[in-house]
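Chemist: Pasting in a structure now, in C-alpha cells, and then I'll have a few things to ask.
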Amino acid sequence: HFFPNITSIPPSFLPNATTGAWNAFHNFAGCHPGEKVDGLAKLKQYFNRFGYIPNSPSNFSDDFDDALESALKEYQLNFNLNTSGVLDESTLQQIVRPRCGVADIINGTSTMNSGKAASLTTGHFHTVGH
Amino acid sequence: YTFFPGTPKWPSSNLDLTYAFFPGNQLTDSVKAIFSRAFDRWAAVTPLTFTETASFSSADLKIGFFSGDHGDGEPFDGQMGTLAHAFSPTNGHFHLDGDENWVLDGDSSSLTSSSTSAIDLESVAVHEIGHLLGLGHSSVEESIMFPTISSGSKKIVLASDDIQGIQVLYGGNPNSNSSSTTTTGEERGTSDSG
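Protein chains in written order, with this note's numbering: chain S, 2 to 131; chain E, 9 to 202.
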C-alpha cells in the first residue's frame with residue numbers, strides 16, 4: 002500500500018489500535034523474574050527472533066526465567082534503557098515499536114552497545130581480573 | 009556502528025553496484041525514485057555507485073515487496089511489527105513488508121491520527137541499504153542504523169555514526185570535498201527513538 006503522504010491514508014487502511022503485531026506485550030508491564038504470566042512465551046519468541054535468546058526450544062514457557070531476564074537486560078543495554086531486567090514501561094514502548102527484521106545479535110555475536118563494550122576491552126584497554 | 013559477523017563487504021572489484029525491483033510489484037516511478045534517493049545518500053559518502061537495471065536476475069541488489077512467508081525463512085507479520093529486512097554482502101536481497109502503509113513522504117509535520125500506521129518508505133530504505141552494504145545495527149539513537157522507527161516519523165539523513173561505519177568498510181567518496189556530511193534536525197523528524 003503506497004500513499005503520497007500521511008494524510009492520504011484512508012480510514013479503511015488503519016489497523017485497530019489493539020491489533021498491532023506486538024501490542025499485546027503491553028500487558029506484561031511490571032513483570033519481573035520469577036513470575037509466570039500467560040503469553041510470556043510470545044515475548045521470548047520475540048527476543049529469540051532478534052537474537053537475544055539463542056537456541057530456541059521447541060516451545061517457550063510462560064515463566065519469567067533467567068534466559069528472559071538475561072535477554073531483557075541485554076536488550077535494555079542495546080537500546081540505552083535502564084538495565085533493570087524488569088519489563089518497565091519505557092522498555093515495553095521500545096519493544097512494541099516497528100522495527101527492522103534483521104536481528105540485533107547474530108550467531109551469538111552481540112552488536113550495538115554490548116558489542117562495543119567488548120571490542121573496547123580487547124582493542125585498547127588492559128584489564129585485570131579481581 | 010557495527011558490522012555483521014565476519015565483516016562482509018562488497019569487494020573492491022565491484023563497487024559499482026546495480027539494483028533492480030521485483031517485476032511482480034510493478035512499482036511506479038515515484039516509488040522507485042524513493043530508493044534512488046536512498047542510494048544517493050550512501051553513494052555521497054563512499055566510493056560506491058548505484059545504478060538501476062531492468063534485469064532483476066543479474067542485479068547485485070534485488071528489491072521487492074512481499075507479504076507473509078515469502079520463502080527466505082523470515083516471514084513478514086502484517087501491519088507494523090517487522091517492516092523490512094536485508095541481507096549482508098554479497099547476498100543483495102532487500103525485502104519490504106507489502107502489508108505496511110508505506111508513505112512516500114512521511115513528513116512528520118503532517119502528523120495525524122492516521123500516522124499510527126504510516127511508515128516512511130525512504131527512512132526504511134536508507135536503513136536497509138546500510139545492511140546491504142555491511143552495516144549492522146547501532147545503539148546510537150540518532151543514527152540511521154538504529155533498529156526501530158516510530159510510525160509517522162522520517163529519518164533519512166546519515167548520522168556521523170553511520171558515515172564513520174560505512175567509511176571503515178569502503179573509505180570516503182573520492183569525488184567529495186568532505187568525507188562526511190552533517191545532520192540536520194529538520195530532516196530528522198520527531199521520532200521518539202531519535
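For glycine and all other residues, C-beta sits at the position ideal for the given N, C-alpha and C.
(1) Hey, Met153/E and Asp128/E are a contact pair by Cβ (cut 8 angstroms); roughly how many whole angstroms apart?
(2) Say whether the segment 55-68 of chain E touches the segment 104-112 of chain E, bearing in mind that this needs 3 or more beta-carbon pairs closer than 8 angstroms, one atom from each stretch.
(3) For the structure I just gave you, are there three or more beta carbon pairs, one from the segment 75-85 of chain E and one from the segment 82-100 of chain S, closer than 8 angstroms?
(4) Is the Cβ of Gln46/S closer than 8 angstroms to any Cβ of chain E?
(5) Can you grab the Cα-Cα spacing for the pair Glu75/S / Asp105/S, in whole Å?
(6) Could you check which residue in Thr8/S, Ala72/S, Gln94/S, Arg50/S has the C-alpha nearest to that of Pro34/S?
(7) Is Pro55/S close to chain E, meaning its C-beta is less than 8 angstroms from at least one C-beta of that chain?
(8) Where does the unbroken beta strand (DSSP E) through Thr92/S begin, and where does it stop?
(9) Shorter than 8 angstroms from the beta carbon of Ala72/S to some beta carbon of chain E?
(10) Pro182/E touches chain S at which residues, Cβ-Cβ below 8 angstroms?
(11) Along the chain, where does the beta strand (DSSP E) that runs through His103/E open and close?
(12) Taking the C-alpha atoms as reference points, what is the distance between Ser146/E and Thr10/E?
(13) Out of curiosity, what's the CA-to-CA distance linking Leu93/S and Ala133/E?
(14) Going by the DSSP bridge assignment, what does Val111/E pair with across the sheet?
(15) How big is the Cα-Cα spacing for Phe47/E and Asp80/E?
(16) Starting from the C-beta of Pro55/E, find all residues in its chain whose C-beta is less than 7 angstroms away, skip the five residues before and the five after it, and write them out in chain order.
(17) Quick check: what's the CA-CA separation for Asp200/E versus Val97/S?
Modeler: Reading from the atomic positions:
(1) If you number the second sequence from 1, residue 153/E lands on position 145. If you number the second sequence from 1, residue 128/E lands on position 120. Not confirmed; about 16 angstroms, so no contact.
(2) Taking a cut-off of 8 angstroms on C-beta distances, the segment 55-68 of chain E does not touch the segment 104-112 of chain E, as fewer than three cross pairs fall below it.
(3) Flag = no, the segment 75-85 of chain E and the segment 82-100 of chain S do not touch.
(4) By one-based count along the first sequence, residue 46/S stands at place 45. False, the Cβ-Cβ gap to chain E never drops below 8 angstroms.
(5) Counted from its first residue, the first sequence places residue 75/S at position 74. Counted from its first residue, the first sequence places residue 105/S at position 104. About 10 angstroms.
(6) Position 33 of the first sequence, counting from 1, holds the residue named residue 34/S. Nearest in C-alpha terms to Pro34/S, of all of Thr8/S, Ala72/S, Gln94/S, Arg50/S, is Ala72/S.
(7) In the first sequence, residue 55/S corresponds to position 54, counting from 1. Pro55/S is outside the set of residues whose beta carbon lies under 8 angstroms from a beta carbon in chain E.
(8) Here the question's residue 92/S lines up with position 91 in the first sequence. That residue, Thr92/S, is in no beta strand (DSSP E); its alpha helix (DSSP H) goes 90-96.
(9) Position 71 of the first sequence, counting from 1, holds the residue named residue 72/S. Not an interface residue.
(10) Locating residue 182/E in the second sequence gives position 174, where the first residue counts as 1. Here the premise fails: no neighbours, minimum Cβ distance about 28 angstroms.
(11) Here residue 103/E refers to the residue found at position 95 of the second sequence. Where His103/E is concerned, the enclosing beta strand (DSSP E) stretches over 101-105.
(12) In the second sequence, the residue the question calls residue 146/E occupies position 138. In the second sequence, the residue the question calls residue 10/E occupies position 2. Rounded to the nearest whole angstrom, the CA to CA distance from Ser146/E to Thr10/E is 6 angstroms.
(13) Reading the first sequence from its first residue, position 92 is the one you call residue 93/S. Reading the second sequence from its first residue, position 125 is the one you call residue 133/E. Spanning the two alpha carbons is a distance of roughly 25 angstroms.
(14) If you number the second sequence from 1, residue 111/E lands on position 103. In DSSP, Val111/E forms a bridge with Phe4/S, Asp128/E.
(15) Here residue 47/E corresponds to residue number 39 of the second sequence, with the count starting at 1. Here residue 80/E corresponds to residue number 72 of the second sequence, with the count starting at 1. Looking at the backbone, the Cα of Phe47/E and that of Asp80/E are separated by about 24 angstroms.
(16) Counted from its first residue, the second sequence places residue 55/E at position 47. Correct list, in chain order: Leu23, Tyr178, Gly179, Asn181, Pro182.
(17) Within the second sequence, residue 200/E is the residue found at index 192, counting from 1. Within the first sequence, residue 97/S is the residue found at index 96, counting from 1. Residue confidence is low: Asp200/E scores 34 on pLDDT, short of 50, so the model does not pin down where it sits. Its coordinate-derived value is still stated next. Between Asp200/E and Val97/S, the C-alpha separation is close to 13 angstroms.
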